[in-house]
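Below is one structure, written out as structure tokens, with a few remarks after it.
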Amino acid sequence: MSVFYLVAFLSIFFALMTIFTKNPVHSVLYLVITFFTLSIHYILLNAQFLAVVNFIVYMGAIMVLFLFVLMLLNLNAETEPMKSNLVKIMGAVAGMCLIATLLGAFRVIEPSNIIVQGDADVGLVKNLGKVLFNEFLLPFEISSILLLTAMIGAVLLAKKEDRKA
Amino acid sequence: MEDIVTQIQGIPLDHYIIFCSIIFAIGVTGVLIRRNVIIIMMSIELMLNSVNLLLAAFSAFRGDASGQVFVFFVMALAAAEVAVGLAIIIMVYRNNKSVDVESLSKLRW
Chain A
0 MSVFYLVAFL SIFFALMTIF TKNPVHSVLY LVITFFTLSI HYILLNAQFL
50 AVVNFIVYMG AIMVLFLFVL MLLNLNAETE PMKSNLVKIM GAVAGMCLIA
100 TLLGAFRVIE PSNIIVQGDA DVGLVKNLGK VLFNEFLLPF EISSILLLTA
150 MIGAVLLAKK EDRKA
Chain B
0 MEDIVTQIQG IPLDHYIIFC SIIFAIGVTG VLIRRNVIII MMSIELMLNS
50 VNLLLAAFSA FRGDASGQVF VFFVMALAAA EVAVGLAIII MVYRNNKSVD
100 VESLSKLRW
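Chains A and B, in that order, give the protein sequences.
Position 147 of the first sequence, counting from 1, maps to 146 under numbering that gives the first Met the number 0, and the rest follow consecutively.
Position 39 of the second sequence, counting from 1, maps to 38 under numbering that gives the first Met the number 0, and the rest follow consecutively.
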């Protein structure tokens, strides 16, 4: 039980470090650690398939893509554009206002902590695969078209134009 | 496996909601206070992940697999979004020699 609170604290700490570090490369590395702690959260929720997918897709693919682009563009702390302190303080105050609003809204809601214990092994690959390939077969196939479109779009956008129009 | 299930039951659902909204608000703050486009996209990833975790938490508490399938689709969507977004950033950097959002305020250069 206390594992959740420890990992939640670590997630919040590293998320804060992500947005407040000046060096973009350090920022990416802190975000990787944040995603790792979120993977631990998935394991605590007994959603093992999501934990593995989060680990492989987010930490392995997406964050490495971010890191590649940062190093390709040769960005570091010296070239980092920073906002003025006034705008930073206003942004932080706006974020805290959002938290305050959300927490106030949650206080009004009657807290219903009833756990509907259906199937405890709902997050295992076997059960999730059954649901994915029965009820959600059409969205699954459409998402493959989405990924293909994104791939073609990314290649077209990032390709160097030979002649200037 | 059983002790994991009892571990979930020890934590009220409210704490998951509060935790995920804090992470979401951190993502919003990151969008507001940074000027680097790549960091802004990373903050958006942070927001997406907080929502994913909340969906998984609801799914685990209700014993319904649909939420976790939805998280899977959100992850596929995020991968596509990042690929296209980073391609656009590289294209802008090639033309503009900057990743500052303020330099993108006019849509032609």
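Cβ atoms here follow ideal geometry from the backbone N, Cα and C, with glycine treated the same way.
In terms of Cβ geometry, N48 (chain B) and F34 (chain A) form a close pair [threshold 8 Å]. When CB distances to chain A are screened at a threshold of 8 Å, the residues of the segment 76-98 of chain B falling below it are L76, A77, A78, A79, E80, V81, A82, V83, L85, A86, I87, I88, I89, M90, Y92, R93, S97 and V98, in chain order. For V68 (chain B), the chain A residues whose C-beta falls within less than 9 Å of its own C-beta are L127, V130, L131, E134, F135, P138 and F139, listed in chain order. Following the DSSP letters along the chain, one finds N48 (chain B) inside the alpha helix (DSSP H) bounded by residues V36 to R61. Residues of the segment 66-94 of chain A with a Cβ closer than 8 Å to any Cβ of chain B, in chain order: V68, L69, L71, L72, L74, E79, P80, M81, K82, V86, K87, M89, G90, A91, A93 and G94. Per the C-alpha coordinates, the member of A:A104, A:Y57, A:L71 and A:L72 positioned closest to V73 (chain B) is A:Y57. Where G122 (chain A) is concerned, there is no enclosing alpha helix (DSSP H), because DSSP gives it neither an H nor an E. Note: R33 (chain B) is bridge-paired with A:M81 in the DSSP secondary-structure output.
Boundaries of the alpha helix (DSSP H) around M150 (chain A): L136 to A157. Buried is the label assigned to E44 (chain B), since at least 16 other Cβ atoms lie within 10 Å of its Cβ. When C-alpha distances from L156 (chain A) are compared across B:G84, B:L53 and B:A55, the shortest belongs to B:G84. R93 (chain B) counts as exposed, since fewer than 16 other beta carbons sit within 10 angstroms of its beta carbon.
Taking a Cβ-Cβ threshold of 7 Å, the residues of chain B close to M150 (chain A) are A82, in chain order. Interface annotation for the segment 20-35 of chain B against chain A: S20, I21, I22, A24, I25, V27, T28, G29, L31, I32, R33, R34 and N35, criterion Cβ-Cβ distance under 7 Å. In the DSSP secondary-structure assignment, D13 (chain B) is not bridged to any residue. Taking each of B:L31, B:L52, B:S42 and B:I39 in turn and checking the Cα distance to I17 (chain B), the smallest one comes out for B:L52. As the crow flies, the alpha-carbon of A149 (chain A) is around 30 Å from that of T20 (chain A).
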